[in-house]
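In the numbering used here, the protein residues as written are 433 to 507.
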């Protein structure tokens with residue numbers, strides 16, 4: 433084996449293998465973080481959808497309560 437940083441017949445192959453291993457690792461991390469970003473986007477959209485549904489439910493509840501208050505014998 434050669435010294436660190438020295439490229440020769442003995443180190444060239446292992447250096448290439450290390451570069452390939454590093455690239456594979458980077459690709460895996462990129463895919464992982466890309467997946468994390470997509471999950472965050474989906475969560476944000478779910479929260480927005482829930483907020484909108486909750487608002488609609490609140491408006492419907494107000495409308496129902498208002499209608500009930502106009503019924504005969506309503507308290």
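For every residue, glycine included, the Cβ atom is placed at its ideal position computed from N, Cα and C.
- The beta carbon of residue 487 sits closer than 8 Å to no other beta carbon from its chain once the five residues preceding and following it are set aside.
- In this structure, DSSP gives residue 497 a helical state, which the three-state scheme calls helix.
- Each residue's CA atom was taken as its position, placing residue 443 and residue 453 some 15 Å apart.
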